[in-house]
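I have placed the structure first, in the form of structure tokens, so that the comments after it can refer back to it.
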Amino acid sequence: MSKNISYHVTKEGGTEKAFDNAYWDEHRPGIYVDINTGKALFSSLDKFDSGTGWPSFTKPIDDSAIKEKTDASFGMVRTEVRTDESHLGHVFDDGPNGMPRFCINSAALNFIPYEELEAKGYGKYKGLFPYKEAIFAGGCFWGVETLFQQQEGVVAAVSGYAGGKTKNPTYKVVSTGLTGHAESVLVVYDPSVINYTALLNLFWRMHDPTQKNRQGPDVGSQYRSAIFYLDEEQKAEAEKSKREFDAKGVFGKPAVTEIVPATAFYPAEDYHQDYSDKNPGYACHALRPE
Numbered sequence: 015m016s017k018n019i020s021y022h023v024t025k026e027g028g029t030e031k032a033f034d035n036a037y038w039d040e041h042r043p044g045i046y047v048d049i050n051t052g053k054a055l056f057s058s059l060d061k062f063d064s065g066t067g068w069p070s071f072t073k074p075i076d077d078s079a080i081k082e083k084t085d086a087s088f089g090m091v092r093t094e095v096r097t098d099e100s101h102l103g104h105v106f107d108d109g110p111n112g113m114p115r116f117c118i119n120s121a122a123l124n125f126i127p128y129e130e131l132e133a134k135g136y137g138k139y140k141g142l143f144p145y146k147e148a149i150f151a152g153g154c155f156w157g158v159e160t161l162f163q164q165q166e167g168v169v170a171a172v173s174g175y176a177g178g179k180t181k182n183p184t185y186k187v188v189s190t191g192l193t194g195h196a197e198s199v200l201v202v203y204d205p206s207v208i209n210y211t212a213l214l215n216l217f218w219r220m221h222d223p224t225q226k227n228r229q230g231p232d233v234g235s236q237y238r239s240a241i242f243y244l245d246e247e248q249k250a251e252a253e254k255s256k257r258e259f260d261a262k263g264v265f266g267k268p269a270v271t272e273i274v275p276a277t278a279f280y281p282a283e284d285y286h287q288d289y290s291d292k293n294p295g296y297a298c299h300a301l302r303p304e
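Per this note's numbering, the sequence shown starts with residue 15, numbered consecutively.
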């Protein structure tokens with residue numbers, strides 16, 4: 015986003031072009047923050063398509079986060095929406111079901127996706143969303159991410175690093191196999207659509223969990239099979255699921271999958287995210303038939 019348009023909007027009270035801005039058609043879950051201060055302002059849960067070409071919300075996250083001011087410019091009387099530092103847009107009374115319509119300039123905002131809230135210091139806002147999380151490692155994270163992304167009820171799947179001790183690891187460092195991390199995927203899901211048990215069943219089907227510290231041609235502890243549980247309920251479900259997998263004898267030997275408590279999850283570099291979308295035709299994992 016151009017810094018010039020952000021300055022024009024937030025400091026000079028300008029308006030950016032409709033249908034030609036960053037967030038009018040943004041549908042991912044997350045929050046929108048003041049581009050100048052980083053203060054949380056709006057949630058995707060309250061965003062709707064107003065047909066105007068600008069991001070529209072029915073309410074702010076917190077009423078105290080914004081101020082309303084009469085704006086008599088351009089020969090009309092409107093209600094300006096702003097913070098102490100920034101002009102944001104205007105509010106109107108024609109929102110859905112009699113609610114307000116906060117018409118906000120994208121140039122006044124930064125969007126923080128749900129899966130990045132913790133890492134970027136907005137973890138407390140995760141409670142706004144009705145989602146749960148799971149962390150799996152099953153070899154190359156590109157393939158694991160893609161297969162989870164394809165499932166109904168999965169809100170996001172993020173490639174990253176889990177299970178190690180080095181803070182803020184990079185792909186290059188993890189690839190040495192010396193940091194203790196595994197290439198992993200953080201799965202954000204809607205439990206009203208898909209549950210943890212279903213995710214576990216998919217996990218067993220998308221890789222060979224009987225291979226120790228490798229998947230196919232990828233060799234090293236960073237390619238190990240692992241389930242990083244976030245609470246005792248996930249631990250119990252994962253252990254039960256592993257017993258059921260072993261009982262099927264799919265590969266003629268038991269899984270070597272680690273079931274261990276989750277520690278810090280570090281999202282991988284941007285070029286690893288949505289890798290299959292960026293490289294059509296590439297595939298390193300496939301789901302086995304049930």
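All C-beta atoms in this analysis are idealised placements derived from N, C-alpha and C, irrespective of residue type, glycine included.
It should be emphasised that the depicted structure is a prediction, and the values quoted were computed from it without experimental measurement.
- The closest CA to that of Asp48, considering only Leu123, Thr211, Val105 and His101, is found on Leu123.
- In this structure Met90 is exposed. Its beta-carbon is surrounded by fewer than 16 other beta-carbon atoms within 10 angstroms.
- For the pair Thr224 and Lys267, the CB atoms are nearer than the 7 Å cut-off.
- About 18 Å separates the beta carbons of Val172 and Val207, which is beyond the 8 Å limit, so they are not a contact pair.
- In this structure, the beta-carbon distance from His104 to Thr93 falls below 7 Å.
- Cβ atoms of Ser57 and Leu161 stay farther apart than 8 Å, at about 29 Å.
- Under the 10 Å beta carbon count, Ser78 is surrounded by fewer than 16 other beta carbons and is classified as exposed.
- Under DSSP, the beta-bridge partners assigned to Glu82 are Val95.
- Around the Cβ of Tyr285, a 10 Å sphere holds fewer than 16 other Cβ atoms; the residue is exposed.
- Scanning Gln229, Val95, Thr190 and Asp204 for the CA closest to the CA of Ala151 turns up Gln229.
- Pairing Thr190 with Ile241, the inter-Cα distance amounts to about 21 Å.
- In the DSSP assignment, Ser58 falls outside any alpha helix (DSSP H) and carries neither an H nor an E.
- Taking 3 residues as the shortest admissible run, the stretch 183-260 contains the following complete beta strand (DSSP E) segments, listed from N- to C-terminal end: 196-203 and 239-243.
- Taking 7 Å as the cut-off, the beta carbon of Pro69 is found no closer than this to the beta carbon of Ile149.
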